[in-house]
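I have placed the structure first, in the form of structure tokens, so that the comments after it can refer back to it.
In structure tokens, the structure reads:
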């Protein structure tokens, strides 16, 4: 099998095609292919490329076969055995391919089997490799371990114990790499990648739905003991060993949380509790005994994510309580109860329990000097954070700890009530077991120069979440108020941000905020008022703001809401909202959290139990009773703040409106509507009017049908909807639109008999069109969009009256208004599509005759329908609607014609499947005429329609119009203004790709600009050839970037780029770099666009677009421009010193003659030595930094050196005025290079260093002789 033989090529082709062949075909051809392929395995063993192709073919053959075929065909089993041998082949590529084949086949067992039939054979082969280990061939065993690691999810459960025993014997061989491979494989087996909880869902990481193997629970003690008996000898083995121990602890702990397993093997829990201390000591020794950072990080991960997560679960919660009476989470309960029995009896007794050993070890390590000096303190803090987190649950064991829940306002009776009513369990285990740890971490955090502050903040945050802010602040008080008795105590103001960021609903209690933080805030206010120093005032102000930042977290809590929100506290909140603008945002966030948190909990059955959901429902009922007073306060706050700062207040008002009952909402609506009526009695609108309308907008989603109808009547009145104030109009239309969208207005609802008022409302809207303010158009369009679908079938004659406004709105400056107008145009089309009758006799303007001299008022349908002379009713459909829109093409203004074409483009794209081919053809015929218009606004819209037609319409419809469309487009192919040229080129490009370049060139015919099509075709062909060459040269090419989309299909078609990926690549290749842009200002425009004419040697230069001179010049200049370091390769270097050797040229013109190329005279005319250039239009431009000026400056410098040689002759020639002035001699002038900026070595002379006579440096006055310049300046 040589490189040019036929068999390797056939195998390569089969490997590429076979994965896409249908499964029945493969099964039918197995009997034919297998006898041909099986003998090729030994023959191709010496030819890796052919062998890899053969392995791919066999993989495609095994995948679709059923179990009887796989087990009953000897050739298949023999081939599998050969592939297993190749999995430990010394050639890396062959070995990798064989292992991929085995993994792919085992990951897809034939249905309905859960394990592949070849899994047993594979496991036996690997076990033989792992048990028969030779030190001389250890690399084979290392390869086998890596292979086993990849097969861990598919390993047969029956051979799992044998595999672990084989792997545990490998470290005894004392081969470092083999030991690491064995431990890594054990980790992969004991803690495999978690698969989906749904067995039918395919896992994304393994590509298989095969469940991972599980080790028998009885083997965990022996496996852990074996691992602990083989401690690592160095840091190289420590990381994989720690990973294996952590995986074993996690798997064992996870099994102990399974009730069924515990019932079968009750001793498993006690064995695990006895094994935890030894395992923790072993891992802690790796974390603390001066090991490297990688080892410490691995030990930290094993303790936190292996030991602790195995015991307490991945979510860090103790699953206790409920209906199982403490049976859930028995391992965690036993561990905590064991510790609580001996806790408080001294460290020696505490160490007798597993959890007590962990806690006391952590506490002693925080005070250890060796821990801090070794850099392990950060890892210790991470472990402390993990321990505190897992102990932070309200479990039964927390209630048995005997520690009172110390909260001033909570009585023992109230705690018993909570226990009986809501399942309240009291403090968490963290309240009892972790105070000393938290205090030690707080002491470290307050020390100056402590480098692990982020880690310490993590521990303190976990403590706040675990034990609650009340218990936490008893352990670490903030000490913000100065105390005369303890002047040296440290303040902990850093706790305020931590408290605000780590509040959780289960442990937060608003009563604690009322009892602790409100008095603290009052004292801070007093301190701020008492001091005269501006710095101290600022400090107290910041502390006050941070105190009230915590209010939001307390409001999210479930407990104590009724007692905490007392009347005095609510009055305090009201006063602060009115008088303290700096605290307003924090208080509003808290008031919003009161409703939002309690509203989300009742529907969340996953994260909250029944007691917590019941408590949230009770809280919502209590808050509903406060809604009336709270809304009054919020309305006043809303009126007092600036309009730009009302967003948060509006959100809070909306939430509280959702809690209010119907009576409260109705009363609130009456108050606000009365205020609006009173404010509108004046001649001009006031800010209070705007505020009232904003409040009504917030009320709309919560109003009843009666109040909604009344509000619609109030706002639709003449003094509101046609108010001279544009802001009033805008808010009025917004209210009307939202009322119609909700469907609460009588007569404006979506049902037969409930939409009787739609026609009258729309007629009224048409009548007041002339009084609409520009700022209100967006909301008015939204109102019309909401009303159009409600039009009755017999009232469709109102649509032609709405069309002029809708069409003209598509040309508005505001993007949101344009988008709304497009939606309105489409909504009218969909309403016409639903059917009905259009009575043309009722259309406005049918009986009106427009005079010739009368200016057009926008209703262009008068002349259109007069021309039709048809007044009989017609059936409503999309084509009739498109005909109505097309009437705008006879408008008297270019703006109306352009807007009509734009609207037709949108309708054509939306309803292209519903319009007949004849209608589409007529539209194209009509718009093609406008492409040749002299008005640019009309042409711009016509080009958009042409683009939509070419991209989205059927090919057979557009093909018949190419002979008229292409010449019309070519007429604008030369015009750069309004980007017409670019748009035309894009459209022609899409035409060429869709209809073929031959068709395009044929319809272009003899047009004067038909060469544009030829140019585009050649450009595409060149780009295609370049891409093919790149693919041939580079095997691993990156995927083409995905085009960005706007989310609107019409916008993507109309404004999206039409260049494909190959064109984009070709364009980006010609774009200059940033440095080139800075250096070359002459051709900046060409560089920005990246559009250059490339000079190919095999093709004549295309001068079609008239810019060849400019573009060619840019190429020549960029080619001749010096690049940094580019000329350095031309010089020799001294091998001893590494210096560059610049040889003096005998003739300065040789280089110029060498660079002379064809076309020098033409370039000299454009870029002459005088510094003048000509741009594309022939204008002469002069440059300051020119070759001529630089040469003159060099000559002047040489003259200065020659004149200043200090000779008597030169001194005598000087003028009398300059006789007393000392001349300047530049040091090193004799070493100056002629063609470079540096110095050169000359044979027979000194090196160009600074050899200066000391006498020349004397600066005394009256010193005669020339002055020496060291820096080169005069």
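In my numbering, the protein residues as written are 874 to 2147.
Don't be surprised by glycine CBs; every beta carbon is placed ideally from N, CA and C.
Asked: Inter-residue CB distance, residue 1325 and residue 1228 (contact presumed, cutoff 8 Å); Found: That belief does not hold up - the Cβ atoms of residue 1325 and residue 1228 are roughly 24 Å apart, past 8 Å.
Asked: Residue 974 (DSSP reduced to helix, strand or coil); Found: helix
Asked: Three-pair Cβ contact test at 8 Å for the region 1629-1643 versus the region 1680-1689; Found: no
Asked: Cβ pair count under 8 Å reaching 3, the region 1440-1452 against the region 1473-1489; Found: no
Asked: Close-in-space but distant-in-sequence residues of the same chain around residue 1839 (CB under 6 Å, 5 per side omitted); Found: 1876, 1877
Asked: Same chain, Cβ closer than 7 Å to residue 960, five either side skipped, listed in chain order; Found: 968, 971, 972, 975, 1020
Asked: Which residues DSSP lists as bridging residue 868, in chain order; Found: This structure does not reach residue 868, given that the chain is present from 874 up to 2147, and the question cannot be answered.
Asked: Residue 1311 versus residue 1111 - alpha carbon distance; Found: 30 Å
Asked: Stretch pair the region 1402-1413 + the region 1371-1388: three plus CB contacts closer than 8 Å; Found: no
Asked: Residue range of the unbroken alpha helix (DSSP H) whose run includes residue 1089; Found: Per DSSP, residue 1089 belongs to no alpha helix (DSSP H) and is neither H nor E.
Asked: Alpha helix (DSSP H) segments (min. 4 residues) lying fully within the region 1098-1140; Found: 1108-1129, 1132-1137
Asked: Exposed unless 16 or more other CB atoms sit within 10 angstroms - verdict on residue 1494; Found: exposed
Asked: Extent of the continuous alpha helix (DSSP H) to which residue 1472 belongs; Found: 1454-1473
Asked: Through-space distance from residue 1880 to residue 1605, alpha-carbon basis; Found: 57 Å
Asked: Alpha helix (DSSP H) segments (min. 4 residues) lying fully within the region 1337-1405; Found: 1368-1374, 1391-1403
Asked: Residue 1383 and residue 1428 closer than 8 Å at C-beta; Found: yes
Asked: Counted within 10 angstroms of its Cβ, other Cβ atoms place residue 886 as buried (16 or more) or exposed; Found: exposed
Asked: Per-residue burial, residue 1550 [other beta carbons within 10 Å of its own, 16 or more giving buried]; Found: exposed
Asked: Cβ neighbour criterion (16 or more within 10 Å) applied to residue 1305; Found: buried
Asked: Reference residue 1576; option with closest CA among 978, 1533, 1559, 1554; Found: 1533
Asked: As assigned by DSSP and simplified to three states, the class of residue 1689; Found: helix
Asked: Rounded separation between residue 1854 and residue 1846 - CA only; Found: 5 Å
Asked: Proximity to residue 1773 [Cα-Cα], best of 1681, 1707, 1836; Found: 1681
Asked: Three-way DSSP call (helix, strand, coil) for residue 1307 in this model; Found: coil
Asked: Nearest neighbour of residue 2165, chosen from 1213, 1809, 1161 [CA to CA]; Found: This structure gives no information on residue 2165, because the portion of the chain shown stretches from 874 to 2147.
Asked: Rounded straight-line distance, which links the Cα of residue 1852 to that of residue 1962; Found: Model confidence at residue 1962 stands at a pLDDT of 41, short of 50, so the residue's coordinates are unreliable and nothing is read from them.
Asked: Helix, strand or coil at residue 1710 [DSSP, three-state]; Found: strand
Asked: Residue 1747, DSSP secondary structure in three states; Found: strand
Asked: Same chain only: Cβ atoms within 8 Å of residue 1420, ignoring 5 sequence neighbours per side; Found: 1369, 1390, 1393, 1394, 1397
Asked: Helix, strand or coil at residue 1313 [DSSP, three-state]; Found: helix
Asked: Close-in-space but distant-in-sequence residues of the same chain around residue 1835 (CB under 8 Å, 5 per side omitted); Found: 1864, 1868, 1872, 1873, 1876
Asked: For residue 2213, three-class secondary structure by DSSP; Found: Because the chain spans 874 through 2147 in this model, residue 2213 falls outside it and cannot be assessed.
Asked: Three-state secondary structure assigned by DSSP to residue 936; Found: coil
Asked: Pairwise C-alpha distance: residue 1821 and residue 1850; Found: 21 Å
Asked: Residue range of the alpha helix (DSSP H) that includes residue 1185; Found: 1182-1185
Asked: According to DSSP, residues forming a beta bridge with residue 824; Found: The structure shown does not extend to residue 824, since the chain spans only 874 to 2147, so no value can be given for it.
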